[in-house]
Structure formats: C-alpha cells, structure tokens
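Counting from 1, position 393 in the first sequence corresponds to residue 394 in my numbering; the numbering is continuous, with no gaps.
Ideal Cβ placement from N, Cα and C applies to all residues, glycine included.
Remember, it's a predicted structure, so these values are computed and weren't measured experimentally.
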Amino acid sequence: MISFNIHARLPNGRGRAGTITTPHGKIETPAFIPVATKATIKALTPEMLRDYVGAHAILANTYHLYLQPGTNVLKKSGGLHKFMNWSGPTYTDSGGFQAFSLGAAYGKNVSKLAQVKEGITIDHDEDASIRLAQVDDDGVTFKSVIDGSTHRFTPEISIDIQHTIGADMIFAFDECVSPQESYERQKTAVERTYIWAKRCLIHHNKIKTQNSNLKSPALLGIIQGGRHEDLRKYSAKVIGSMDFEGFGIGGSFDKDDIGTAVGWVCDELPEGKPRHLLGIGDPIDLILGIENGIDTFDCVAPTRIARNGGAYIRTGRINLLNAQFIQDFTPLDPECDCYTCKNYARAYIAHLFRAKEMLAATLTSIHNLYFVVNLVKKARQAIIDGNYEGFKKKHLPK
RNA sequence: GCACGGGUGGCAGAGCGGUCAAUUGCAAUGGACUGUAAAUCCAUCGACCUAUGGUCUACGAAGGUUCAAAUCCUUCCCCGUGCA
C-alpha cells in the first residue's frame, strides 16, 4: 500500500510536486531513484546512499535477484530491505526490460533511445538463437546471464517473485521493444503489455487475498507505445484505467523528444497516482520529464557513467580519463557540495581511475548520484516555490 | 678472453627472405554509455600527403648478398648466461 499527495503544480498543469508514502518511508517527488539491480548500488554502501547522496529510495531487479541469489535466499533473509540493509522505500522492476536488453538488443549496440534522423530500420538478425531472451504471447524465456540455464517468466511468475523479494512497489511484467522496431511490432508490444497487465493485476490481487495478514507491495502498471503518439495514448488510457496504485512509463523513446512522449502519456493517466519514468536519467531528460508530469525516475546512467570515468557538471559532463585532468586540482563540479566535491580534486580521482582503484567508482558515483538526485530535488522546490522557470534557466545543461 | 643466447615501435613480446609500418597484450589518446549482459565497449596509436590510395623514415650500428632483408652474411657496439 502506498499513498500519494500532490502539494503544488506547474502552471502548465502537468508538472507537480508531491509525496509518496510507503511502509518504509516517504518519497518526496519529483525524485530520482538510484538503481540497485542486484540489491546493491554498485560501489556504494546504503549509508553512503542515504547520507552522501540523500536518495529516498532504490530500485532492484527481479530477473537478476531471481537468478542470484535466488528467491529462497531473499525470503529467508526477511526481504529486500533487510537483505541489503536499506531501510528506505524500494521498488523492483519486473524483468520485462531484460526481454529487450537480453533479447533484441543483445550483442548489438542498440539503446532504447533513438535519434530520429538515423533511419529507423532494424536488422532482424538471421541468428536469433544468440539472444538470451525470446518473447511470446504468454511470457519470456530467458537464458541466465550467469550460467546459460533456461528460465521462464510469465506475468504471474514475475509477480510471485516480486512479492517474495518484498519491495514496497513492484512493476507489472511488460514488453519493451527496440525503437528500431516497426509500428506494427510496437503495437504488438502495447497489446501484450496490456494483456499481461491484466494478468499481473489478477494474480497480485489473488496473492493479496491469500496473505491478507501481510503487507502487500503496491503494483504499478506500465505504459508502452514507443515513439508513436496514438500507441502511447492508447496504452496510457487502458493501463491508466486499471486498478494500479501507480504507473511506470517504459519502452523506447526518440531522444530528441522524450518530453513530448511523456506528456502524451501523462495527460491520459489519472491525476492522483504517481508516475514513474523507467530508465531515464540524463539531466536534461529529468527536467523534460518533470515538467511533463513525471514524479519519479530511475536510471543506471549516473552510476554506470561514473564507473566509466564520467562526471556530471552543470554544463554537461567531463571524462576524468582525459589528459587535461591529470593536474587539475579543482573539484569535479566547482558548484557542487557533495562529499566528493568537498573533499577531493579531479586530479586525485583521475589518478584513481588510471590506477584502476575502486575508490574512483565510489567517489564518482557519489557525485553523479548526488548531482541528479539534487537536480530533481531543486526542481521540486522550484515547483513549490513557483520558480520553475528560474530553476530551469539555471540548470538546463548546455 | 672463449662459448652460447639476445638486441623489434612508450613497455612487454611475436615475426625469422616477399602477403611487414610490422601479430598480441599493456600503456597512451579520444569517444560511447538512459528500467545494469557493463569497474564495460568502440576507435586511433611512425611521419607526411592531392588520403577506401600514395610517399618517406624505421626492427642496436655500419657494410654486404638478393629483383626483394626485421628476417641471410661480415664487422663493430651493447646486454644476459656459462667457462676461463
């Protein structure tokens, strides 16, 4: 069970500031939710996440935790919170995204973000057998990324596993397809996601009835539809009318137009339930999402980019492995007051990266997460203060 | 002093007559990364140019053999090991 209250809105009627209340505390929205796929924010302890980053909540992944350590361990541990020593709110993603990342996107350089100019054609590979995920109308057959063993996910199985993992908010099992797929294929994914959403909801309610004494997670439905306005609106309308406690917006986008697509969806969704934009976290995309009605975001980009030497700065991003930082004794971002920026210089972190020291990933992850978490917090405050345009003018990258 | 072994691009280390401006790894330089297959991946890495091609300089040094040499021969200079 969660509840959601809206405190303030942008003049455009879409953006809002609110609070999600969960059994493990509140999330002040808009909020950026760091990703802990395998029940850990890579390179950080939960204390760092709470005290240095100031994150409200984390998001873990059903597919990965099911494979390792397995639901049995999660169950015996007392659930995700106890297992990973994170006392704040949690989400689990359903595993639906892995149907894409391990399926059509596997072994290719395909992102779910498309540049519209680069012709939208997909090469349906002759040899689909190399994929680690195959989707059909009933579910997804995965090969384990760990040992290659075969596993089957259906909407019901995903919901079962997510109940066992025990996050506060869980997502319906959906199908995410490549932005390069045809309109027809996108449409199939929308229909499949709709049918699966119904199955998820039925199964979720069945479990709730059986375990009425236990606190149950909140189930969030997922909207698909890719870059297509009619599909997005249709998906939002049908999913939005169902008895979910909140919604996730998934699927692929046109990089140049995320805000527009998000707006199509949010206009169709019920006002009083939180909306989560799945897997989006570039600073500029966060701003576009917020003003188009998004309440929460998750994204691996801040931590992954950090581990690979990239640090966000107000004007964009720097690559600490560039030669120019070897003797740069200024903070990562001179305007940032995170733990890393208060205590360490670019030259030191550049040295750590070149020396392949683990602390490089830790310090840079703290900074990048702080950067996006606080960007969104500032947006929230600006919405409340009625000064959003001023915020945007100051913080829009480039 | 004698006998072996060896000196290859920033480093390590392949190549042992033509397909070698030279395998590979590391380092270096730049790029990518959006619900984590990811502390990963990609590109470049002798110089110059009228650049999907061409010219020049290069494999310790200097000569030589050959149509052709990093690759064979001679001398020299270094390094390692063994014997005096």
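Nearest in C-alpha terms to residue 306, of all of 316, 137, 198 and 320, is 320. Distance between residue 386 and residue 19, taken at the CA atoms: about 13 Å.
For the set 241, 275, 68 and 173, the Cα lying nearest the Cα of residue 297 is the one of 275.
Burial state of residue 210 is exposed, judged by a 10 Å Cβ sphere holding fewer than 16 other Cβ atoms. Per DSSP, the continuous beta strand (DSSP E) segment holding residue 248 begins and ends at 247-250. Put simply, the backbone Cα of residue 143 is about 43 Å away from that of residue 11. The DSSP-derived three-state label of residue 191 is helix.
Secondary structure of residue 221 (DSSP, three-state): strand. In the DSSP assignment, residue 135 falls within the beta strand (DSSP E) that extends over 134-136. In the structure shown, residue 348 adopts helical secondary structure according to DSSP, grouped into three states. Non-local beta-carbon contacts of residue 67 in its own chain, meaning distances under 6 Å to residues more than five positions away in sequence, involve 162 in chain order. Within a 10 Å sphere around the beta-carbon of residue 233 sit 16 or more other beta-carbons, which makes this residue buried. When secondary structure is reduced to three states using DSSP, residue 77 falls in the helix class. A distance below 7 Å between beta-carbons, with the five flanking residues on each side excluded, links residue 38 to the following residues of its chain, in chain order: 61, 62 and 65. Between residue 262 and residue 225, the CB-CB gap reaches or exceeds 9 Å. Contact annotation, residue 111 with residue 179: C-beta distance approximately 5 Å; criterion of less than 8 Å satisfied. The stretch 82-92 and the stretch 49-60 touch, with three or more beta-carbon pairs separated by less than 8 Å. Burial check for residue 35: the Cβ neighbour count within 10 Å reaches 16 or more, so the residue is buried. With a contact defined as Cβ atoms closer than 8 Å, residue 266 and residue 219 miss out at about 19 Å. With a cut-off of 8 Å on Cβ pairs, the stretch 130-150 is in contact with the stretch 94-105, counting three or more such pairs.
Counting along the chain, no alpha helix (DSSP H) covers residue 310, and no H or E run does either.
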